[in-house]
Amino acid sequence: MPEPIPIQPPVGRLGVLTPGMGAVATTFYAGVLAARRGFAVPVGSLTQLGHIRLGKRTEDRNPLIREFVPLASLDDLVFGGWDPYSDDAYTAAMKAGVLEARHLEAVGEELRAIRPMKAVFSPDWVSRLEGVDNVAEEESKMAQVERLVEDIERFRIEEECDRLVMIWCGSTEAYRPPAAVHQSLDAFEKGLKENDPEIAPSQIYAYAALTAGVPFANGAPNLTVDCPAMVELADRQGVPIAGKDFKTGQTLLKTIIAPGLKARMLGIRGWYSTNILGNRDGEVLDAPENFRTKEVSKLGVLEQILQPDLYPELYGDIYHVVRINYYPPRGDDKEGWDNIDIFGWLGYPMQIKIDFLCKDSILAAPLVLDLALFLDLAARAGKKGIQEWLSFYFKSPQHAPGLYPENDLFIQLTKLKNTLRHWMGEDLITHLGAEYYEET
Ligand SMILES: NC(=O)c1ccc[n+]([C@@H]2O[C@H](COP(=O)([O-])OP(=O)(O)OC[C@H]3O[C@@H](n4cnc5c(N)ncnc54)[C@H](O)[C@@H]3O)[C@@H](O)[C@H]2O)c1
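The C-terminal residue of the sequence shown carries number 439 in numbering that gives the first Met the number 0, and the numbering is unbroken.
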């Protein structure tokens with residue numbers, strides 16, 4: 000058996016900081032608070048409910064993941080965040096309308112105590128948020144970094160945290176391709192001092208987190224840590240990073256279904272995806288510049304899974320469309336329709352229709368929990384830089400230059416579990432299984 004790697008035990012409290020205290024973040028806080036009081040089962044969380052097979056199938060070793068690897072316990076989590084609106088987490092959750100009042104009330108006191116720190120915010124990057132009342136007015140982007148680092152350190156002391164992680168749960172920022180300022184840490188730091196307009200608010204949070212030694216994951220599709228400057232910073236600071244864009248809803252289904260069709264060598268001519276969504280995220284995404292960021296993230300998934308260059312007869316000519324329309328009556332209850340035009344033997348056409356009545360934040364909240372716990376584990380295991388084994392959670396997994404991202408959910412899960420086995424000194428599982436049939 001391989002040697003386990005040294006991992007520091009999860010002693011003390013783990014602070015989870017979320018820039019953005021909207022639907023996803025507040026649903027995450029409330030769910031964890033309810034789960035640890037025994038009011039709810041943390042459905043959707045691999046760290047809480049998942050088992051992992053170890054050794055041969057005949058050994059019957061299937062511990063819970065949280066009993067196999069030393070994860071922080073839900074009882075040790077504390078929450079904090081920043082938001083340009085001053086609502087406490089209870090009020091924000093009521094406005095987001097994801098959870099019912101009776102569920103929020105059960106953990107109401109703890110939610111009311113979570114008050115947002117003043118945001119680093121710019122309407123140039125997130126349009127359509129009116130009436131913001133909790134934004135700090137610093138002179139320069141470097142001054143914003145310094146204030147965020149102070150916020151982080153104050154939180155660490157006041158909440159008696161031994162360790163922290165930061166997960167971006169803020170709105171999707173406007174699409175801008177990487178610029179010169181993102182290409183190296185030197186250029187980025189110069190840009191912070193000179194107020195370079197290409198540096199987004201999310202990158203100011205990320206820079207502050209990494210300089211304070213806090214692991215960072217990005218739940219939105221904006222660039223944030225997915226650029227050479229931030230990778231360099233994460234490596235220099237010895238801090239893990241991951242991103243980007245939580246894999247929920249329609250894209251989750253896409254990365255479940257597309258690998259299945261491809262496994263059977265069934266062709267695809269077109270995949271039309273459309274959504275209606277009425278929460279604040281839907282409103283932000285209704286603005287074309289914000290939606291462009293999401294579109295880039297959503298479109299890339301099929302291309303990578305289906306490998307049209309290797310399978311030109313099956314996937315060389317797919318018409319792939321993704322739309323999101325803001326439709327207030329639905330609130331957080333998204334409806335996503337997919338029409339998939341497939342073809343089989345002799346090119347005979349068939350169609351698949353999916354109508355997914357989904358609750359976006361209900362799907363996203365457990366991912367925030369898992370990412371917080373796994374990033375903390377990675378930090379205690381001495382891992383730094385891009386954590387590609389966490390691709391399982393993202394629509395656009397961040398990866399090393401020169402690689403293509405792995406989007407197939409099942410390959411991602413195997414990768415995640417094999418990473419845990421490897422760290423803990425267990426044999427990797429290849430599913431070869433020849434030993435059950437061959438004479439020894
Ligand atoms: N819900 C999902 O299934 C899902 C899936 C993938 C990605 N996401 C992404 O997660 C993010 C959060 O989604 P949500 O549904 O909670 O949205 P939301 O609009 O309810 O919450 C986002 C919050 O971020 C705040 N915000 C905006 N700019 C900020 C800044 N600079 N600093 C701090 N806070 C800021 C907003 O005021 C808002 O309260 C979005 O970017 C969304 O695209 C969500």
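We put the CB at the ideal spot given by N, CA and C, even for glycine. The structure presented is a predicted model; accordingly, all values stated were derived computationally and were not measured.
Whole angstroms are fine: how far does the CA of residue j sit from the CA of residue i?
{"i": "Ala173", "j": "Ala219", "result": "11 Å"}
{"i": "Glu2", "j": "Glu425", "result": "8 Å"}
{"i": "Ile51", "j": "Arg420", "result": "9 Å"}
{"i": "Leu374", "j": "Ala211", "result": "15 Å"}
{"i": "Gly266", "j": "Pro41", "result": "37 Å"}
{"i": "Leu363", "j": "Pro115", "result": "Per the sequence shown, the amino acid found at residue 363 is Ala instead of Leu. In a straight line, the C-alpha of Ala363 is about 20 Å away from that of Pro115."}
{"i": "Arg60", "j": "Asp87", "result": "44 Å"}
{"i": "Ile341", "j": "Val295", "result": "23 Å"}
Could you tell me whether the Cβ atoms of residue i and residue j are closer together than 8 Å?
{"i": "Asn324", "j": "Ile275", "result": "yes"}
{"i": "Asn278", "j": "Lys243", "result": "no"}
{"i": "Asn417", "j": "Leu427", "result": "yes"}
{"i": "Gly299", "j": "Cys160", "result": "no"}
{"i": "Ala79", "j": "Glu158", "result": "According to the sequence as given, residue 79 is Gly; it is not Ala. Yes, they are a contact pair."}
{"i": "Trp167", "j": "Gly259", "result": "no"}
{"i": "Glu197", "j": "Arg175", "result": "yes"}
{"i": "Ala33", "j": "Val106", "result": "yes"}
{"i": "Val68", "j": "Met423", "result": "yes"}
{"i": "Lys293", "j": "Tyr392", "result": "no"}
{"i": "Met165", "j": "Tyr204", "result": "yes"}
{"i": "Lys55", "j": "Pro239", "result": "no"}
{"i": "Leu252", "j": "Ile353", "result": "yes"}
Is residue i close to ligand 1? I mean its beta-carbon at under 7 Å from any heavy atom of the ligand.
{"i": "Cys226", "result": "no"}
{"i": "Phe245", "result": "yes"}
{"i": "Gly381", "result": "no"}
{"i": "Trp81", "result": "yes"}
{"i": "Pro196", "result": "no"}
{"i": "Met20", "result": "yes"}
{"i": "Tyr325", "result": "no"}
{"i": "Ser360", "result": "yes"}
{"i": "Leu128", "result": "yes"}
{"i": "Arg279", "result": "yes"}
{"i": "Ala95", "result": "yes"}
{"i": "Val23", "result": "yes"}
{"i": "Val125", "result": "yes"}
Beta-carbon within less than 7 Å of residue i's beta-carbon, same chain only, minus the 5 sequence neighbours each way: which residues are those?
{"i": "Leu372", "result": "Thr46, Leu70, Ala71"}
{"i": "Trp388", "result": "Lys414, Leu415, Thr418"}
{"i": "Gln249", "result": "Ser272, Asn274, Gly335, Asp337, Phe355"}
{"i": "Pro177", "result": "Leu222, Cys226"}
Going by beta carbon distance, what residues of the same chain come within less than 6 Å of residue i, once the five residues before and after it are set aside?
{"i": "Ile339", "result": "Trp270, Ile351"}
{"i": "Ser44", "result": "Pro365, Leu368, Asp369"}
{"i": "Gly401", "result": "none"}
{"i": "Ser139", "result": "Asn194"}
On the CB-based measure, 16 or more other CB atoms within 10 Å of its CB, does residue i come out buried or exposed?
{"i": "Ser272", "result": "buried"}
{"i": "Ser189", "result": "First, the residue type needs correcting, since residue 189 is Lys and not Ser in the sequence shown. Classification for Lys189: exposed."}
{"i": "Tyr206", "result": "buried"}
{"i": "Pro327", "result": "exposed"}
{"i": "Thr237", "result": "According to the sequence displayed, residue 237 carries Gly and not Thr. Exposed, by the Cβ-count rule."}
{"i": "Leu345", "result": "exposed"}
{"i": "Arg379", "result": "buried"}
{"i": "Met0", "result": "exposed"}
{"i": "Val320", "result": "exposed"}
{"i": "Tyr318", "result": "exposed"}
{"i": "Pro83", "result": "buried"}
{"i": "Asp132", "result": "exposed"}
{"i": "Phe454", "result": "Only positions 0 to 439 of the chain appear in this structure, which leaves residue 454 out of reach."}
{"i": "Asn194", "result": "exposed"}
{"i": "Val125", "result": "buried"}
{"i": "Glu434", "result": "exposed"}
{"i": "Arg36", "result": "exposed"}
{"i": "Glu405", "result": "buried"}
Output needed for residue i: all residues of its chain with C-beta closer than 8 Å, excluding positions within five of it in sequence on either side, in chain order.
{"i": "Leu103", "result": "Ala29, Tyr89, Ala92, Met93, Leu110"}
{"i": "Asp285", "result": "Arg127, Ile323, Asn324, Tyr325"}
{"i": "Ala95", "result": "Gly21, Ala22, Thr25, Thr26, Asn278, Arg279, Asp331, Ser360"}
{"i": "Ala399", "result": "Ile385, Glu387"}
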